[in-house]
Structure formats: structure tokens, C-alpha cells
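Numbering (our numbering), first residue to last: 83 to 387.
In what follows, a single structure is set out as C-alpha cells and then discussed.
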Ligand code: XMP
């Protein structure tokens, strides 16, 4: 990007002009895209913007607390505790697309409730350029808020970053002084840990996935991957103490990419891989095995579902 400050000034003016005296709303996921869009829009219209963070229970470790701190300066921030409702909606659902659908549907319901309360006329979204390209094809049912405009009759949709790539969004985030954890954070999918769990999402699998993802993020921070993750992919036999156990299999994935459309599996050294393995199996009694995924995208996707 040529001039970040000029971009910010221009977008803030554009947003202020688009929204005027009306009320606006944004779904805040904690990721860099929605956080940056929220910060831009808040700068433009202040508390006329209601940023809504839905705690789906599918988020990364510490995510909700992080959001509360990072966006404490926004008086209009709403945090919705919807963990139980999401688990209920996902109960018995095993098909990947159905899972995404169930999450999207529940998300929209949660969001509709708040939008109804605030009477928002405008929807602000953190859509970026690669999102638009992927949504135009049929690669996946993308954003978990993708169905919002069809369900709620907004007067307008504001997408200040629709022409930016991820690395440009990070530049904007840094210029807006969004904390490093937000601006430098790896991308995280809207449906959260649910796409890092094969089959039904249960509380037990979520706990394993959350802790394992935390270990991977910590251990790989210095390797600077574009995205790194852990997925709960099934069960296999292992030995814990003197007992044979049927424990969880966790797959670790770390990739290099520019925009997520294609990716290369990252080459990691044995010591790092072993440290990750020993922490994940050591910190969780129910994990029997850790695998490292060496597949590029294509043919694999980055997430597991
Ligand atoms: P895949 O798995 O399709 O992912 O190779 C490409 C990038 O997109 C992220 N991703 C999503 N992001 N909602 C999102 O906001 C989604 O439903 C979704 N699915 C995947 C994924 O984490 C990766 O960065």
C-alpha cells in the first residue's frame, strides 16, 4: 500500500459520510479483518457503531478476554455469551457443510437479536479482497455473516477494506495502533475451532482443540507461519502410563501463504515438532498421537472441514 495514513483518512471520511447520523453494527470476531474494520468505523462514527462479539465457545483460548481488553475503549461494545446455544445447534451434526450452516444460522440469530435492539441501519463488514474472490466461486460457504444482508434489511453495507489483501490490512491495523496480538495475529476462521474438529463438535473435542491450538500458536510464533493450527481428527490407540488408551489424534498444520488461496506446508525442524508433540500429549491426558501435515494447498485446504 502506498500511504496507509491517507487510506485511513479517506476511509474514515467515507464511512462517516455513508452512515451519517444513523446507527451501525459490526460483527467483531477478534480476527484482524473485523477488528480493523471496527476500529476504522468507530473512528468515523463513535458510539453510533455497536461492535458485537458473539462468544460462540468455538474461539481460541483467551479470545473473549482479549477482545474485552483491546476494545475496552469502545463504550458501545457488546459481548454475547452464546456458548451453550452453539453447542446445542451443533449437537449431532457431522457433515462439514451442515456444520458451517448451523454455525452461520446461529450466528445470524444472535446478531439479529442485537441488531433489532439497536435498530442499526448500516452493517459494517471486514470483507477483504480474497474473500470476495472465494465467495464468487464455490470453494466454500465462506463468511459466517455472509447471509446477514439477506436476513436483515439494512439500508447499506459498508466494507472499507474490500480491495485490500491481508498484509495490507495488517499495515492499516498497525497504523491504527491495534494491539500487536490483533494486528499480527494469524487468520482464524469464522466457524472457529469447529472446522478444526472432524465429525461432531463436542465440549471434550473443543477442549482438546483449544489447548492444542494454543500450544501450536505459542511454539510456532518464532517460526512466523502465515497460519498454524491443530485439528482433532479422530481416535487411535496409544499408551499412557501402564495402560493402552484409545485417545485423540491431533494433526498439526503450519503453512506459508500470501492470502490463503494457495499455501505451502512449512518445513519445520524435528526439535520443534517434538516439542509440540510432547506438550500436546503431555498437557492433555486424552491425546494419544500428534501428526504433522505436510500437504500443500492445493490439494488440501488449510482447515480440515
Ligand atoms: P481453507 O481451509 O479454505 O482456508 O484453505 C483458507 C483461509 O480461509 C480461512 N477460512 C475461513 N475464514 N470463515 C472465515 O472467515 C470461514 O468459514 C473460513 N473457512 C476457512 C482459513 O482459516 C484460511 O485462512
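Glycine residues also receive a C-beta, built at the ideal position from the N, C-alpha and C atoms.
Quick caveat, the model's predicted, so the values are computed rather than measured.
If you compare the alpha carbons of 137, 186, 190, 266 with that of residue 162, the shortest gap goes to 137.
The beta carbon of residue 91 is closer than 6 Å to none in its chain, skipping five residues each way along the sequence. By the neighbour-count criterion, in which a residue is buried when 16 or more other Cβ atoms sit within 10 angstroms of its Cβ, residue 135 is buried. Listed in chain order, the beta strand (DSSP E) elements of length 3 or more contained wholly in the segment 294-350 are 309-322, 325-338.
Distance from the C-beta of residue 315 to the nearest heavy atom of the ligand XMP is not below 7 Å.
Beta-bridge pairing by DSSP links residue 106 to 131, 204.
With contacts defined as CB atoms closer than 8 Å, residue 273 and residue 140 qualify as a contacting pair. With respect to residue 305, residue 350 sits close: the two C-beta atoms are nearer than 8 Å. Contact check for residue 203 against residue 168 fails: the beta carbons are separated by 8 Å or more. Rounded to the nearest whole angstrom, the C-alpha separation of residue 200 and residue 118 is 22 Å. A Cβ-Cβ distance of about 7 Å is found for the pair residue 345 and residue 338, placing them in contact under the 8 Å criterion. Contact check for residue 318 and residue 331: beta-carbon distance about 5 Å, within the 8 Å limit, so the pair qualifies. By the C-beta criterion, the segment 284-296 is judged to be in contact with the segment 310-329, since at least 3 inter-stretch pairs fall below 8 Å. Under the three-pair Cβ rule at 8 Å, the segment 245-258 counts as touching the segment 118-128. Collapsing the DSSP output to three states places residue 372 in a strand. Annotated as proximal: residue 265 and residue 114, with beta-carbon spacing under 8 Å.
Taken atom to atom, the span from the alpha-carbon of residue 197 to that of residue 190 is near 10 Å.
In the three-state reduction of the DSSP assignment, residue 239 falls in the strand class. Where residue 94 is concerned, the enclosing alpha helix (DSSP H) starts and stops at 86-101. Under the DSSP assignment, residue 170 falls in the alpha helix (DSSP H) whose first and last residues are 165-172.
If you draw a straight line from the Cα of residue 262 to the Cα of residue 173, it is about 36 Å long.
Per DSSP, reduced to three states, the secondary structure at residue 248 is helical.
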